[in-house]
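These protein sequence lines map, in sequence, to chains E and F. Just so we're aligned: the first sequence equals residues 20 to 328 in our numbering. Just so we're aligned: the second sequence equals residues 4 to 753 in our numbering. Note that CB positions come from ideal geometry on N, CA and C, so glycine has one too. Inspection log for the structure reproduced underneath, given as C-alpha cells.
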Amino acid sequence: MIELKKTVKKFDSYTALDGIDLKIEKGTAFGLLGSNGAGKSTILRLLSGIYRPEDGQVLIDGESVYDNISAKSKVFFINDETVQFQGFTLKKLKDYYKGYYPNFSEEVFESLRSKIKLPLDKKLSTFSKGMKRQAIVIIGLACRTDYLLLDEAFDGLDPTMRIIVKKMLVDAMLDRQLTTIISSHNLKEINEVCDTCALLHEGKIIFSRDIDDVKGSIHKVQVVFPKNEDGTSVEYSISDFDASGIDILHFEHTQSIYYIIARGDEDTVKAVFAPKKPVLLELIPLTLEEIFIYELEVLGYDSSDINEE
Amino acid sequence: MTAATSTKNKSYFGRRFATRLAESKKLLIVNFVFSLLGLPLLSLVFVLMEYYDKKNVSIYEVFQPDAYLAIGAVAVFASFAMGLIIALFHFRYLYQKQLVDMNYSLPLSSGQRFFADYLSGLFIYLLPIAVGTVISYGIVLIGEASFGGSAITDMLGHITVSGIIVVVGLIMLYTFAVLGIVFCGSTFEAIFSIVALNVMIPATIACLWIAMIYSSAFGIDESSIIKSLFFTATSPFGAGVFFGDYLSNGEFIVMGNYGAPMATWNYFSWLITAAAVIFIALLAAFLLYKKRKAEDVSKPYVFKSYYYAIITMAVFCILSLFISDGDNIIAGIIICAVGWFLMEVITRRGFKKFWTAGVGFALAVGSVFVICAVCKATDGFGASRKVPSASSISSVEIGSYSYASFGSGISVFTTDDPEVIDQVIKLHEEIIDRHFHSENYEYEQFSEDSSENYFVSDCSFNVSYRMKSGSTLSRRYTINTAMMTDLMKAVYLSDDYAKDASERFFMNMANTSDEWFRSYEDAEKYATKGIVGIEDKLMLTGDALNVKKDDMIQLRDAYRRDLEAMTAEELSSGEVFCYVGDNWVLDSFKETKSVLLSMGYSPDDMDEAYLKNVFSNGNYDPSIYIYSDFELCSHISSNMSDTGNFFSYYGDEDWHLDKEKTMSQFGFAYRNDYYGYGYYEDGQSNYNNGVMFINSRTEYDKADVAQLLGHLTSLVFDERPIAVVTINGSIYCLKDTPENSALLEKVVNG
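The following block contains the structure:
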C-alpha cells in the first residue's frame, strides 16, 4: 500500500504539495488528476524516491521510500520525458534496467515487444516519441515491480497503440495485482483504466475516491419547471436551492430549461427538485472530464476570465 | 536476512558500476587513444634517441624527434585532462534535467549511486593511463635490451616513484572535478566550477603567501611555497609542482648537490597529505551530493555559498597582489568589480535584486583588506617569528648561497644531528631577534650599504625544518657570514657531514673527463678508476694521481674516519694540509694523509723559497689583496701585481675588518665563490666612481710577501685574524700571533 502522510514538498519558496494525505491500496489502478502545476508529477516523483519530502511521510508498504533500496525496488517510474534514453538501443535499455530489478521477466518483455514490433538493436534516438514511450512501458511492465507509476502515460501514442498499452496495463493488473498510478490530462483514458482517482489542485487533494463513486456523487441535472399562469418562465436562482442538502457546483438556464451540476446522491438530488414539480427532471451522468472541469471551476480554476477577455 | 540484503545491495552497486562502464565506452576508447599515443610514443622516441646516441649518430640525421615528442606530450596532457570530461559525463545527471528521473528513481541508495559513478569514472580515467604506462615500460625494457642501453632502465625505479605522484595528482584532479560538479546544477556552471576549484585553491594559497611576504613577513620568500605541503598537496596544480620538484631533485637532472630535494624526503608526507585531501574532497562531495536534491538540477549553483567563496577567492587573489604591490589599489578594485558583476549577471541570469551583488562585492573587498591588514599586523600570521622546537624537528636542511659549499662541494646539507639542529635553532632565533630587536645589537645582521665596507660579507641562509608531523617549515635570510660560525662548526663535527663529505670526496675522484657519474650511488657502483686531484693549501700548485677503485675506497673511508675523529679543537686550530677536489684535508687527518702519501703524493714545503719560486714564474701573475686593520698598518688594502722582485701596491682603500666580528672559515666561504668576490667588486666600483681610487703606489718585497703567505690559513673560528688575504679570489686569513704580526709589519714597513 502507498501512503502519503501530511506530505509537504517545496521547491524553494513554492509549495508544490501542502500537507497532503493519500492512501492507495495495493492492486488498484489509481488516476491522478489535476490542474497544471497541481502536484501530480511531484507525487509520482516522491513515490519513486526521486524527491525527498520536506515534511510528512511517503511510504510504500510501510517503508519510507526516499533513499531506500528495498522500497524503491518495488516501484518503476515512467516519466513524461523521452529524451533520456537517446543513446540506448532497446536491448541495452532492457539490460540496463534488468540489473536493477531482480524480478525482470525476459518472457514478458519479449512477449510485449513482439506485440508492438519494436526493433531491439536500433538506437532509441531513431525512435518516434510514441515508440520510445512504448519501449519504456514494456520495460516497466517486464520489470514486474509491485507499483508502476506513469506520468502522462499515453502521451505520444497513436489511438491503436493506446489501446494496446492500456490492455497491457490491465492484463498486468489482473495477472499479478500490479498497482498502477497514472497521471494524465487525458481523463478518458484514466476513466477507462483506473478504478480510483484523486483530484489535485494547487498542492492539495480535492478528493480521492473510487471513480464510480465520484461519478455517482455528482450529476448534471437537466430540469424544466412549469411556466407561470401568464405563460412566462419561472425564474429560479441558485439561492433557491441553498441548504437543500446538495452542493450545486454549476447553475445556468436557457428560458425554462435549467442545467445544474450538483453534488449528492441521485435520490437526494431528485428530492431537492421534486417539490418544484418539474415538467422534466433528468439526471445525466458526467464524464470524468466534466467532473474535473466543474470541480475546479468551484475553486476558481476556469476559463471564464479568458472568455471575458 | 541481513546478509541477503547486504549481498543484494552489493549487487546493485556492482550493477551501477558495470552500467556506467558500459555507458562510458566511447570515453574509454578516446582515453585509450590518448594514453597509448602519449607515454609509449615518448618512450619510443627516448629509446631511439639513446640508441642513436650510443651509435654516435645524431638522431636529427635520421628523423626529427621534436614533432613526435610534441605529439606525445599533447597526448599525455589530453589523457590527463580526460579526468575532467569523464567526471562531467559520469555526473551529468546533476546538471542535465532530463536525466534526473532515470538515475534517481533506480533502486539505489545515494551512496551506492555516488560511489559507483565516482569509482567507475576513476577506473575509466586511470585504466588507459596504466596500460599506456605498462606498454611504455615494455618499450623501454625491450628497446634498451636490444642494443644494450640502460640510461632509462636505470631510472625506472625513480620514474615509478614519481609516477605515483602523478597518479595521486590525477585522482585529485578527478575528485576535485566531481566536487565542483556537485556544487552546480547547470552545464556552464559545472564546467566553470571545475576550472575554478582547480585554479582558485592553489592561487589563493599562493596569493596568501605573497601577501604574507609583502607584509614584511621576515624570512618567507616566494620559493618557499613550493616546499609547503599546504600548497603542493592541496591541489592538482600543487601536485604538478611537487612532481616537478621531484624530477629536479637530483635523480633525473643531477649536476651536483644543488637545490633542495624537498620532494625526496617529504615524499611520504606528501602522499599522506594528498591522500587526506582527496579523502576530504571525496567526503565533502558525497555529503553535498546526499544533501542536494533531485530538483536542484538546472539551478546555476546548488550551494550559493560555494559560488561566493570562489569569487571571493578570485577577488582576494587579484586584490591582494595590488595591495602587496602598494600601488594601483583602485585599479585592482575596478578589475575585481568588473569580474564580480559579470559573474553575478551570468549566475543570476539577469539583474534581479542586483543591489545585493554590490553588497556582496563590498563584503568581499572588505574581507580582503581585513586579511591583508591582519597579515601585516601579525607579521604574516606569526610565521616570521616562528622557530620550531628541537623536539618537534625530525631533521633539518640548511643551505647558503654565499657559502657555495660546505667545504666539500656540498651546497645543501641535511642532518638529524641534534647538535646541528640546536645550532640551527640558535642561529634562527638570533636572526629573528636581531630583526625585531635590532636596537639590542651593535652591528647589523647584514648590510645592504657597501660603504660600510665590512669585509665580513653577507650570505644567504636557507633552512628547511622537516617536522616530525610531516610538515615543513622553510625560511630564507640574508645574514653576515660571521653569524654562521657556531653552526658551521657543528656541521663539520657531525657524522652526517663526515658521510656526505667522504662521499663527495669519492665522487670527486670518480668524475673525470672520461667518466661522469650523476650520483654517488652510480659512482660507487660503476667507477673502476679515478683521479685524485690534489692542491696545496694555498691552491697554488697541484698534483694528479691516477688511482684504482680500491684506492678510492680506501681514501674515502680514511677521510670519513678522520672527519669523524676530528675534535672541536682540531677544527678551530687546524691547518689545512691540502685540498683534494673540494675537500680540505687538515694536518690532523692522519689516515688521509697516510693514504695520500702512500699513493705517491709529495707535498711541497710552503716555505719562502717555494713561494718565491712560484711567484717568480713569469707565467704566474697572482692577484693578491691584503686587508687589515692591524694596528701597525691600519686600513691596508693592496692591489699587488708582480713586478720582478716586488709586488706593486696600488691603493689605500678604506677596507677594514669589522672590529666587533670574529671570522668563520673564510677560506671555504669564498673559495671560487662568485658572490663573495662580487661583493668586493661592488666595493671597488664605488671607488671607481670617483672616491679615492689610487692614492699611492708602493712596492713590497716579494720574499716578504711570500713568507707572509706561508702563514696563511683557511680555517679561522671564533677569533679575529689580523689580516685577510685573497689570492686569485680565494680568501685566507692571517691569525693574530706575534710571529704573524711581525711578518705583516715586515711586509708593510720593510
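Requested in this report: Check each candidate in F/G75, F/T481, F/A154 and name the one with the smallest Cα separation from F/V50.
Outcome: F/A154
Query raised in the report: Using DSSP with H/G/I as helix, E/B as strand and the rest coil, what is F/G166?
Result: helix
Query - Exposed unless 16 or more other CB atoms sit within 10 angstroms - verdict on F/A367 - result: buried
**Report entry** Minimum Cβ-Cβ distance from E/F96 to chain F less than 8 Å
**Finding:** yes
Requested in this report: Quick one: which residues of the segment 280 to 308 of chain F get their C-beta closer than 7 Å to a C-beta of chain E? List them in chain order.
Outcome: K296, A297, E298
Requested in this report: Would you tell me roughly how many angstroms separate the C-alpha atoms of F/G369 and F/S231, rounded to the nearest one?
Outcome: 28 Å
Report task. Could you list which residues in chain F have their beta carbon closer than 7 Å to that of E/Y115, in chain order? Result -> T22
Query raised in the report: In chain E, which residues lie less than 8 Å from F/V103 when you measure between Cβ atoms?
Result: I69
Query - Three-pair Cβ contact test at 8 Å for the segment 488 to 507 of chain F versus the segment 559 to 567 of chain F - result: yes
Query raised in the report: Hey, quick one: how far does the alpha helix (DSSP H) through F/S327 stretch, first residue to last?
Result: 307 to 328
Report task. Return the bridge partner residues of F/T481 from the DSSP annotation. Result -> F/S463
Query raised in the report: Is there at least one Cβ from chain F nearer than 8 Å to E/D174's Cβ?
Result: no
Query - Residue closest to F/C187, alpha-carbon to alpha-carbon, out of F/V494, F/I74, F/K296 - result: F/K296
**Report entry** Where the segment 102 to 122 of chain F meets chain E: residues whose CB sits under 8 Å from a CB there
**Finding:** L102, V103, D104, M105, Y107, S108, L109, P110, L111, S112, S113, Q115
**Report entry** Within 7 Å of chain F by C-beta, residues of the segment 74 to 91 of chain E in sequence order
**Finding:** D86, I88, K91
Query raised in the report: Measuring CB to CB, does E/I97 end up less than 8 Å from E/G159?
Result: yes
Query raised in the report: Cβ of E/F30 less than 8 Å from any chain F Cβ?
Result: yes
Requested in this report: Return the bridge partner residues of F/M470 from the DSSP annotation.
Outcome: F/I396
Requested in this report: Kindly list the residues whose CB is nearer than 6 Å to the CB of F/M695, restricted to its own chain and excluding five residues on each side of it in sequence; keep chain order.
Outcome: Note that F/M695 has pLDDT 32, beneath the 50 cutoff, so the model's placement of it is unreliable and the number below is only indicative. Excluding residues within five positions, none has a Cβ falling inside 6 Å.
Query raised in the report: For the beta strand (DSSP E) that E/D31 lies in, which residues bound it at each end?
Result: Unbroken run through E/D31: none, as it is neither H nor E.
Query - Given E/D214 as reference, the closest of E/N87, E/E44, E/F30, E/P294 once Cα atoms are compared - result: E/E44
Report task. Pick out whichever of F/F118, F/T729, F/L715, F/Y735 has its Cα sitting closest to the Cα of F/N743. Result -> F/L715
Report task. Taking C-beta pairs closer than 9 Å, name the residues in chain F that E/G118 reaches, listed in chain order. Result -> S14, Y15, G17, R18, R19, A21, T22
Report task. In angstroms with no decimal places, state the Cα-to-Cα distance between F/I167 and F/D553. Result -> 38 Å
Requested in this report: Could you tell me if F/W273 is buried or exposed, where buried requires 16 or more neighbouring beta carbons within 10 angstroms of its beta carbon?
Outcome: buried
**Report entry** 7 Å CB neighbourhood of F/K293 in its chain, flanking five on each side removed
**Finding:** S113
Requested in this report: Using three-state DSSP, classify F/F94 as helix, strand or coil.
Outcome: coil
Query raised in the report: Among F/T475, F/L476, F/C462, F/L496, which one has its Cα closest to the Cα of F/M486?
Result: F/C462
Query raised in the report: Quick one: what does DSSP say E/E73 is sitting in, helix, strand or coil?
Result: coil
**Report entry** Of the listed residues F/I725, F/L42, F/F191, nearest to F/V137 (C-alpha basis)
**Finding:** F/L42
Report task. Kindly indicate if chain F contains any beta-carbon less than 8 Å away from that of E/E100. Result -> yes
Query raised in the report: Going along the chain, which residues of its own chain have a beta-carbon closer than 7 Å to the beta-carbon of F/E634, five neighbours each way excluded?
Result: Any answer about F/E634 is weak, because its pLDDT of 38 lies below 50 and its placement is not dependable; what the coordinates show is given next. Taken in chain order, the list of residues that qualify is empty.
Query raised in the report: What first and last residue would you give for the alpha helix (DSSP H) that runs through F/I208?
Result: 190 to 217
Query raised in the report: Between E/G149 and E/G118, is the Cβ-Cβ spacing less than 8 Å?
Result: no
Query raised in the report: So what does DSSP say about F/L635, is it helix, strand or coil?
Result: Confidence in F/L635 is poor, its pLDDT being 36 and thus under 50, which makes the residue's placement unreliable; the coordinate value appears in the next sentence. Three-state result, F/L635: helix.
Requested in this report: Give the secondary structure of E/S130 by DSSP, where H, G and I count as helix, E and B as strand, and everything else as coil.
Outcome: helix
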